[in-house]
Structure formats: C-alpha cells, structure tokens
Amino acid sequence: MKTPDCCASNGKLLPIETLHPNCFPIPVPANDHFYSRFGTACLPAKRTVSSDDFGCTLKPQQKVIATTHFLDASLVYGATGQTAGNLRSFRAGRMRAQITRDGRMFMPNVNTPTQSCNVATNTEVCYRSGDGRVNQHPDMAVSQVALLRLHNFLVTEFAQLNPQWNDEILYQEARKFVIAIIQHITYNEFLPILLGENYVRENGISPLKQGYSNLYNSNINPSTLASFAGGAFRSLHSLVPSVFNLVNEDRENGGAPTRFSEWMNKPGIIQRPGNYDMFLRGIATQPQQAQDIFFSEEITDLLFRANGPLGQDLVAKDIQRGRDMGIPSYNHFRTLCGLPKATSFDDIRDVMDEERIERLAKIYPTVDDIDYLVGGMLERIIPGTLTTPSFRCVLGEGFFRYKAGDRFFYEYDISPGAFSPDQLSVIRRFSLSTLICLTGDNIQTMQRNAFLQINPGNALIPCRQILTELDLAPWRFQS
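With our numbering as the guide, the letters of the sequence shown map in order to residues 55 to 533.
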C-alpha cells in the first residue's frame, strides 16, 4: 500500500480537499527560524492507526498501538506469533543472530536493507528485531543487541544446567528471565529517578526486597493510557542529546561524538571495532540533557533528515499526536492530578512561572485551550524527579497499571510459571550495570547504578565483581 503524501513535493500545504484521510499535516509559519530558509510551509504527519482502519464501528474511535500493553520484552521477541517465529532459530532456544568475523553477536539483517534503512547497498547493516524502530539511532540498536546477547547467553547456561530441556523450554525460560529483568530495571532503577523515590514507594510501584507481591488486581485495566503514550511520556524527548559520546575504558572520548541525526537509520556504526562497548559506556557515562522546555535541534529541525539539509520536527509531531488522539486539554489534567481547575491564566501560577504564562496567553485564546503536552512541559519540575505535576500523575498511573494489571508480572506467584523465591532473589540483584557488563565485548568496569553518573558514592567497580551476583543455579531442575 502506497504511503499517502501529506505535503506537496515543494514543501507546501496541499489543498485540504485533496488530503488523504490519514494525513494530519503541520502548517509551518513563514517566519519559522529554520524551515523558512528552505521555503517549507508543511511538515508531513499521519494520523495514528485507529479502530476505523480495521473496519471497526466502535464509537468513539479508539487509537491502536503496534506493540503490546505490557512490559513483556516485545521489542526483543515481537508482538505477534509470526514475528516471534521469524526471530527464533528453533535450535537450542536461541534467537537468530549474525556473527561478525571476529566472533561478535548482533541482530540479524533484514532482507533488503535499502528499503528499511538509510543505506546505499543491501550488504550494509540494517537490523531485524521485535520492534521496527531498532535502527532509528545507535543507542536503541545497542540496547537491543544487549538484550539479544542476554537471551542467547541464558539459553546456553540453562542448557548446561538442564540438558533435558528442549528448544521450546530453553527459549521460554530465557524469554521469561529477560522480561523479568526489563521489568525489574524499569521499576527498581528507572522509575525512582523519573518519578521520585518517595512517590514510587508511597504509590505501591516500588519492587519488594523479598517475597511475592500481592498488588495484582484483575479489575485493573493494564492498557496503555492515551494521555501516557500521546502526552506525558513524550515529554522525555527533552532528554535526547545532540550527539552520542563514544567512551573508552578510561571514561574518555574514544572517538568523535556522533550526531543524532547523522546516524538515524544507519546502525552499522555500532559494529565498527570497539564501538559497541563505547556506545554502552556512553549510555552509562554521558550526562543527559536537562528535562526542560528546550530540545535539541537534532530532533526539532533534523529528525529523519537522511542525507538532506532538513528533517522533521519531533516536538511539533508530539503536539500534533496529542490532538490526533483526542487528548483533553492541560486544564483537564490539572484537575485529574489534584490541582485546582484554572478559570484564567492567572490560576496556573501555582505550578508555572509568570514569563511562561504570558507566552501561553499570547498563543491560546483561553486556559482551556492549552495542549496537555505544552502545559505539562511548562510546569516547574518537581525536585528529585524528571517530570512535572500534571505529567507525574499520568506516568505513575500508567506504570502502576502495567504492574497491578499484569498477572504475569515477575513479582507475583499467582501464575503456574512464577519464579521461585531463590530465582526472584537473583532477578532482584540484576541491574542495568549487570546487563552492560555481561553483554559488552570487553567492558572491564562499571558503576553500580548505570543510570547515574560516576561519583564517590557510585564509583566504578570491576565488572567481575558485579557479575558474581549472577548465579543461575536456582534454574537447575531435577529430571
């Protein structure tokens, strides 16, 4: 099926009567600081896939996401049985992989890289994985390679512990482990930084230190909230850096920083000698961009630019996505999140600085017209978090539902495949640092919490020390 053109070939807006129903283009003002240089008056944007696209007469229309509604490692294994099967080798539980001449493991290539990546020939690197976005930028590809390597490491270890296990058992046991560590790292390391340690603890989001959780509630809908996917979570695009630092073992630059836009959909850079490890160290070493109202030009002017001088504007797309999804206004979420309903722009001074309010009043006719993403971004950051009041309650609710509504969440004992107490102890000791040390080519040291920068309380320690905590003996079963 041909993708519709949502802008004219010369960058101008198409007559509205000629637009494809799936188009929702973004008009560009003539005085735009960047796009005006190229005479661009239109940025293409397509509507999110909806229930209408499947011939469903459900009203109101519901948006459809391509992934699952669970933290189930579908980015590794796929969201459908067909995708999962295409990624498996069906030998000894292993996932398909390509092995370089020097013996390093990466994801398999797609059949025709020139159709899926910004590459010149079909002999170049373009990965196939459970998530089609794997090639979008090097850090995303590196993260998925790490999880692939973890899976194939686990099946090798499990086969030694349990020679009687066949391909299916090995695959499913390794998959279950990978799902669990993604859930654990998310809830144990990432969410306290995003939402605040006290918040995650007081709202039942924190993992337990021991035993099983009884948080599961069959009445809780674990589906992704539209306000989460089309609003609050998109605020984290403010953290995207302009460049990726390549960091050597001495925590110094091991090569020239790579521009974000220059390597979008060109993942082959991570297979160059030494680069995979340097990207992994960079993930754990490079400071994030501040969570604020400022975004890198790499994503506001140059997103998906391929080899051209201009690209797309991710922030404009984020705002347009919220409108397409029918997300209510910022004022609606103020009341939903415990703030008083604003009747005028003056009423939002409780969470927003005066200068920002004045700018909003020049753009929006009334306080009820403020887009949720815009209003939430302009609020003051809650100390000790990476978010704002009108975002935190939605993010917290979303992650609470992912846990409380998923009967297979790793901390529960209510399903037949639940982890034993000893297995849970191993998973609870697994961290992002463990993953980096285990799946790197030759990474020797890592700080204990790889989400935080190196400091006296989070100093580099030998990877061999970190990996001593990974004891898979509890997975040995008596035949």
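Ideal Cβ placement from N, Cα and C applies to all residues, glycine included.
**Prompt:** Given T598, which residues of its chain have a CB within under 7 Å of its CB, disregarding the five upstream and five downstream residues?
**Reply:** Within the shown structure, residues of the chain are numbered from 55 to 533, placing residue 598 beyond reach of any answer.
**Asked** Does the Cβ-Cβ distance between Q198 and S183 come in under 8 Å?
**Response** The residue labelled residue 198 in the question sits at position 144 within the sequence shown. The residue labelled residue 183 in the question sits at position 129 within the sequence shown. Yes, the pair counts as a contact, with Cβ atoms nearer than the cut-off.
**Asked** What residues in its chain sit with their C-beta under 6 Å from that of Y225, if we drop five residues either side in the sequence?
**Response** Along the sequence shown, read from residue 1 onward, the residue named residue 225 stands at position 171. Excluding sequence neighbours, Y225 sits near G147.
**Asked** Under 8 Å between the Cβ atoms of V188 and K320?
**Response** Stepping through the sequence shown from its first residue, residue 188 is reached at position 134. Stepping through the sequence shown from its first residue, residue 320 is reached at position 266. Not a contact, by the Cβ cut-off of 8 Å.
**Prompt:** If we count the other Cβ atoms within 10 Å of its Cβ and call it buried at 16 or more, is L141 buried or exposed?
**Reply:** The residue given as residue 141 occupies position 87 in the sequence shown. L141 should be labelled buried.
**Prompt:** Which first and last residues belong to the beta strand (DSSP E) in which T499 is found?
**Reply:** Counting from one through the sequence shown, the residue named residue 499 turns up at place 445. Counting along the chain, the beta strand (DSSP E) containing T499 begins and ends at 499-501.
**Prompt:** How big is the Cα-Cα spacing for E71 and T94?
**Reply:** Locating residue 71 in the sequence shown gives position 17, counting from the first residue. Locating residue 94 in the sequence shown gives position 40, counting from the first residue. Each residue's Cα considered, the two are about 20 Å apart.
**Asked** Skipping 5 residues on each side, what residues in its chain have a beta carbon closer than 7 Å to that of L293?
**Response** Stepping through the sequence shown from its first residue, residue 293 is reached at position 239. Q342, Q343, Q345.
**Asked** Can the beta-carbon of T499 be found closer than 8 Å to that of L524?
**Response** Within the sequence shown, residue 499 is the residue found at index 445, counting from 1. Within the sequence shown, residue 524 is the residue found at index 470, counting from 1. Against a cut-off of 8 Å, the Cβ pair of L524 and T499 comes out as no contact.
**Prompt:** Looking only at its own chain, which residues have a Cβ that is under 8 Å from the Cβ of Y270, when we skip the five neighbours before and after it?
**Reply:** Counting from 1 along the sequence shown, the entry for residue 270 is found at position 216. A458, G459, D460, R461, F463, Y466, I468, listed in sequence order.
**Item:** Cβ separation of I417 and I411, assumed to be a contact under 8 Å, to the nearest whole Å
**Value:** Position 363 of the sequence shown, counted from the first residue, corresponds to residue 417. Position 357 of the sequence shown, counted from the first residue, corresponds to residue 411. Contact doesn't hold; Cβ gap of about 11 Å is too wide.
**Asked** To the nearest angstrom, how far is it from the Cα of Q366 to the Cα of L356?
**Response** Against the sequence shown, residue 366 aligns to sequence position 312. Against the sequence shown, residue 356 aligns to sequence position 302. In a straight line, the C-alpha of Q366 is about 6 Å away from that of L356.
**Request:** Provide the residue span of the beta strand (DSSP E) that contains P246, from first to last.
**Result:** Locating residue 246 in the sequence shown gives position 192, where the first residue counts as 1. Counting along the chain, P246 falls outside any beta strand (DSSP E), though it belongs to the alpha helix (DSSP H) covering 245-249.
**Residue(s) in a DSSP beta bridge with K535** = Residue 535 lies beyond the residue range present for the chain, which begins at 55 and ends at 533; the question has no answer from this structure.
**Item:** Any non-hydrogen atom of the ligand ATP within 7 Å of M159 CB
**Value:** Because no ligand of any kind appears in the structure shown, any question about the ligand ATP cannot be addressed here.
**Request:** Indicate whether M318 and F358 have their beta-carbon atoms separated by less than 8 Å.
**Result:** Within the sequence shown, the letter at position 264 stands for residue 318. Within the sequence shown, the letter at position 304 stands for residue 358. In this structure, F358 lies closer than 8 Å to M318 by Cβ.
**Item:** Delimiting residues of the alpha helix (DSSP H) encompassing P475
**Value:** For the purposes of this step, residue 475 is identified with residue 421 of the sequence shown, where counting begins at 1. Segment 475-483, the alpha helix (DSSP H) holding P475.
**Message:** For I515 and R530, which I take to be in contact (beta-carbon distance under 8 Å), what is that distance rounded to the nearest angstrom?
**Reply:** For this step, residue 515 is matched to residue 461 along the sequence shown. For this step, residue 530 is matched to residue 476 along the sequence shown. Wrong, their Cβ atoms sit about 28 Å apart, outside the cutoff.
**Request:** Tell me whether the beta-carbon of T339 lies closer than 8 Å to the beta-carbon of H123.
**Result:** On the sequence shown, residue 339 is found 285 positions in, with the first residue counted as 1. On the sequence shown, residue 123 is found 69 positions in, with the first residue counted as 1. Not a contact, by the Cβ cut-off of 8 Å.
**Asked** In three-state terms, what does DSSP make of T312?
**Response** For the purposes of this step, residue 312 is identified with residue 258 of the sequence shown, where counting begins at 1. If DSSP states are grouped into helix, strand and coil, T312 belongs with the strands.
**Request:** Taking 8 Å as the cut-off, decide whether the C-beta atoms of L364 and I353 are in contact.
**Result:** Within the sequence shown, residue 364 is the residue found at index 310, counting from 1. Within the sequence shown, residue 353 is the residue found at index 299, counting from 1. Their beta carbons are not under 8 Å apart, which means L364 does not touch I353 by this criterion.
**Asked** Within the chosen definition, does the stretch 258-272 reach the stretch 426-445 through at least 3 CB pairs nearer than 8 Å?
**Response** no
**Prompt:** How do the stretch 469-486 and the stretch 295-315 stand: do at least 3 beta-carbon pairs fall below 8 Å, yes or no?
**Reply:** no
**Asked** Grouping DSSP H, G and I as helix and E and B as strand, with all else coil, what is C517?
**Response** As a first step, residue 517 must be located in the sequence shown, where it is residue number 463. It is helical.
**Prompt:** Going by other Cβ atoms of all chains shown within 10 Å of its Cβ, with 16 needed for buried, is V179 buried or exposed?
**Reply:** Mapped onto the sequence shown, residue 179 falls at position 125. The residue in question, V179, is buried, as its Cβ has 16 or more Cβ neighbours within 10 Å.
**Request:** Less than 8 Å between the CB atoms is what I'm expecting for I259 and F505, so what's the real figure, rounded?
**Result:** As a first step, residue 259 is located in the sequence shown; it is residue number 205 there, counting from the start. As a first step, residue 505 is located in the sequence shown; it is residue number 451 there, counting from the start. Actually they are not in contact, since the Cβ atoms of I259 and F505 sit about 16 Å apart, beyond 8 Å.
**Message:** Please confirm whether P98 has its beta-carbon closer than 8 Å to some beta-carbon of chain B.
**Reply:** Looking at the structure shown, chain B is missing, and only one protein chain is on hand.
**Message:** Run through the DSSP bridge pairs and tell me what R142 is partnered with.
**Reply:** Numbered from its first residue, the sequence shown carries residue 142 at position 88. Paired residues: M149.
**Asked** Is the beta carbon of S383 less than 8 Å from the beta carbon of D422?
**Response** Numbered from 1 along the sequence shown, position 329 holds the residue referred to as residue 383. Numbered from 1 along the sequence shown, position 368 holds the residue referred to as residue 422. Contact: yes.
**Item:** Cβ neighbours of D106 in the same chain (closer than 8 Å, five flanking residues each side left out)
**Value:** Here residue 106 refers to the residue found at position 52 of the sequence shown. Hits under 8 Å: Q115.
**Request:** Report yes if the CB atom of S485 is closer than 8 Å to the CB atom of E243, and no otherwise.
**Result:** For the purposes of this step, residue 485 is identified with residue 431 of the sequence shown, where counting begins at 1. For the purposes of this step, residue 243 is identified with residue 189 of the sequence shown, where counting begins at 1. For S485 and E243, yes; Cβs fall inside 8 Å.
**Prompt:** Pick from I235, P192, D86: whose alpha carbon is nearest that of G336?
**Reply:** In the sequence shown, counting from the first residue as 1, residue 336 sits at position 282. Looking at the Cα atoms, P192 is the closest of the given residues.
**Residue range of the alpha helix (DSSP H) that includes R86** = Mapped onto the sequence shown, residue 86 falls at position 32. Note that residue 86 corresponds to Asp in the displayed sequence, not to Arg. Here D86 belongs to no alpha helix (DSSP H), and DSSP marks it neither H nor E.
**Message:** Short of 6 Å in beta carbon distance, which residues of its chain neighbour C447, apart from the five on each side in sequence? Order them along the chain.
**Reply:** By 1-based counting over the sequence shown, the position of residue 447 is 393. Correct list, in chain order: C391.
**Prompt:** Tell me which same chain residues have a C-beta within less than 7 Å of the C-beta of A513, skipping the five on either side of it?
**Reply:** The count along the sequence shown starts at 1 and reaches residue 513 at position 459. Excluding positions up to five away in sequence, the list reads Q501.
**Request:** With a 10 Å radius around its C-beta and 16 neighbouring C-beta atoms as the bar for buried, classify D156 as buried or exposed.
**Result:** Residue numbering aside, residue 156 sits at position 102 when the sequence shown is read from its first letter. Classification of D156: exposed, given that the 10 Å Cβ count is below 16.
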